[in-house]
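Here is the structure we will look at.
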Amino acid sequence: MEHIRIKKLLQSQELLDQEVTVKGWVRTFRNNQFIALNDGSCLKNLQIVVDFANTPAETLKRITTGAAIKATGTLTASMGKGQSVEIKAQNIEILGDADPEKYPLQPKRHSLEFLREIAHLRFRTNTFQAVFKVRNALAFAIHKFFQEKDFVYMHTPIITASDAEGAGEMFQVTTLDLKQVPKDENGKVDFKNDFFGKQTNLTVSGQLEGELAALAFGNIYTFGPTFRAENSNTTRHLAEFWMIEPEMAFYDLEDNMDLAEEMLKYVISYALETCADEIDFLQQRLMEEEKSKPQKDRSPMALKEKLAFCLDNDFERLTYTEAIEILRRSKENQKKRFKYPVEGWGIDLQSEHERFLVEKHFKKPVILTDYPADIKAFYMKASPTSEEGRNTVKAMDILFPGIGELVGGSQREEDYDTLLERMKQMNIPTKEMSWFLDTRRFGSVPHSGFGLGFERLVLFVTGMTNIRDVIPFPRYPGHAEF
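Under the numbering used here, the residues of the sequence shown are numbered 2 to 483, in order.
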């Protein structure tokens, strides 16, 4: 008999009083009679009522937390609390044992730190089933949004010889023998005999390659892994993470902001609609967790309230210059409550500044534009010089409550001479980047794009507080397990 997923059984009335088969993992086994079974199809368990008198003692002994079983019996309406239906089992078969002396996920509350150490098993907990169901929904919604707008999904390379950000914090890829690294006459590594014949790295962004495609297809998006070799042991940084990077020909900065705002509202709405049970569970989990925190450290909004906050408000748009003035004059700054005081124009905004603008000043998501050129990447288009003589670029960052920057983007510099000069100023190797400059030589057009760190989006929608808990197998300094 084909087994039926628990989610379907819990939603189905037509299968009542029929014989059904389920397969799953035991969450709990009470009184040698009641099994709480979960198969990963939903957060809820299905109660299996064991025929104690007619079940072999050896089988009962093997029904332990974590064990995999097959149960066949009659689906009946349940008289007990917490479930609408249950199975009165005629037959129980053990598919896989779990030694209760060794299985680490016994039915008790486990800390997220402990679960991070056994990341290969944490999927079996309610918290992580909820998190990764939401992650799955958000990933699908991203594709759905762009596909409905006729964007082309483009796979950009993971191994690259260019550094899109000019940051230099990249993982090197090589087949050279690290015990005998060949050197040239200047004492530098000789890459001639390396696999690609040149120095290569794991990508920090698919943007530059995405621009090549956008200037042929019009609108494209990428969704893939990116890597940063930053030695950052924080709750907001990973060495390996996923990025969504759309690039659009004939889009200016306003078009870019409109698309990003529409996309964020679309995917959050989709998650709320398709993962209602999971988000309810995560909201309750967050409320329980917050009880142990000092009042000042608690989230100002419940999870669903925070999500509605972003759906129900038009994002506030203002320039970096206007934001600096608001921050400089704020009570927080004047009373020195900011860890990083805002003293004047030109600073790189910190998360505390971004969250102040969103959570306390505007009380809505914020899009900042026109950042100082000196703190932004080489490919961003210059804005008209201000009356004060300040050089800014047509960049935009979207700031969200609890997160700070969620999206970063810009209108790209389409003029060949301007871009070339900017690259020289920032020491970007123009010869190696001639393929990129070709887009400005042959049929260049105004174009724009942005990058969304997928894990930060998942962090926001799930209410989790550590980015290592929203990616299946986190990579960070000193940690590359599994």
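By construction, the Cβ of each residue, glycine as well, lies at the ideal position given by its N, Cα and C atoms.
First and last residue of the uninterrupted beta strand (DSSP E) at residue i
| i | result |
| --- | --- |
| E231 | Neither: E231 is in no beta strand (DSSP E) and is coded neither H nor E. |
| Y372 | 367-373 |
| R329 | Premise fails: R329 lies in the alpha helix (DSSP H), 321-330, not in any beta strand (DSSP E). |
| L203 | 201-203 |
| E114 | No beta strand (DSSP E) contains E114, which is instead part of the alpha helix (DSSP H) from 113-118. |
| Q296 | Per DSSP, Q296 belongs to no beta strand (DSSP E) and is neither H nor E. |
| Q48 | 47-50 |
Reduced DSSP secondary structure (H/G/I, E/B, other) of residue i
| i | result |
| --- | --- |
| S352 | helix |
| F1 | In the structure as shown, the chain starts at 2 and stops at 483, and residue 1 therefore has no counterpart that could be examined. |
| R28 | strand |
| A378 | coil |
| A142 | helix |
| R318 | strand |
| V21 | strand |
| T174 | Correcting the residue type first, residue 174 is Val in the shown sequence and not Thr. Strand. |
| A303 | coil |
| T463 | helix |
| T128 | helix |
| A68 | coil |
| M244 | strand |
| A309 | helix |
| K89 | strand |
| E290 | helix |
| H4 | coil |
| K361 | helix |
| E333 | helix |
| L76 | strand |
| A383 | strand |
| K184 | strand |
| A250 | strand |
| V153 | strand |
| F483 | coil |
| I95 | strand |
| I472 | coil |
| F197 | coil |
| F147 | helix |
| F133 | helix |
| I280 | helix |
| F339 | coil |
Residue range of the alpha helix (DSSP H) that includes residue i
| i | result |
| --- | --- |
| V268 | 254-275 |
| I7 | 7-12 |
| K62 | 58-63 |
| A215 | 208-218 |
| F35 | No alpha helix (DSSP H) holds F35; the beta strand (DSSP E) holding it covers 35-39. |
| E102 | It is not in any alpha helix (DSSP H) - E102 carries neither H nor E in the DSSP assignment. |
Pair within 8 Å by beta-carbon distance, residue i and residue j
| i | j | result |
| --- | --- | --- |
| A277 | A142 | no |
| F437 | L209 | yes |
| F30 | T65 | yes |
| T126 | N467 | no |
| G405 | R356 | yes |
| A90 | W26 | no |
| T393 | A378 | no |
| V494 | E87 | An answer regarding residue 494 cannot be provided, because it is not within the stretch 2 to 483 covered by the chain. |
| L44 | F196 | no |
| F455 | F228 | no |
| F251 | V446 | yes |
| G464 | L304 | yes |
| P478 | N234 | yes |
| A214 | I221 | yes |
| K244 | G207 | Contrary to the premise, residue 244 reads as Met rather than Lys in this sequence. Against a cut-off of 8 Å, the Cβ pair of G207 and M244 comes out as a contact. |
| L319 | L369 | yes |
| A131 | E279 | yes |
Integer Cβ distance of residue i from residue j, believed to fall under 8 Å
| i | j | result |
| --- | --- | --- |
| D18 | L76 | 7 Å |
| P402 | F339 | Between F339 and P402 the Cβ distance is about 17 Å, and since that is not below 8 Å, they are no contact. |
| N257 | G409 | Rounded, the Cβ-Cβ distance is 11 Å, inconsistent with contact. |
| T223 | T157 | 5 Å |
| V359 | L400 | 5 Å |
| N46 | A37 | 4 Å |
| K382 | R413 | 6 Å |
| H448 | E263 | Contact flag wrong, Cβ pair sits at about 18 Å. |
| F146 | Y341 | Not confirmed; about 35 Å, so no contact. |
| L260 | V462 | Not really, about 19 Å apart at Cβ, beyond 8 Å. |
Distance cut-off 7 Å: residue i Cβ against heavy atoms of the ligand SAH
| i | result |
| --- | --- |
| D18 | This structure simply doesn't include the ligand SAH, nor any ligand for that matter. |
Within the region 393-442, ranges of the beta strand (DSSP E) (whole runs, at least 3 residues)
393-401, 405-413
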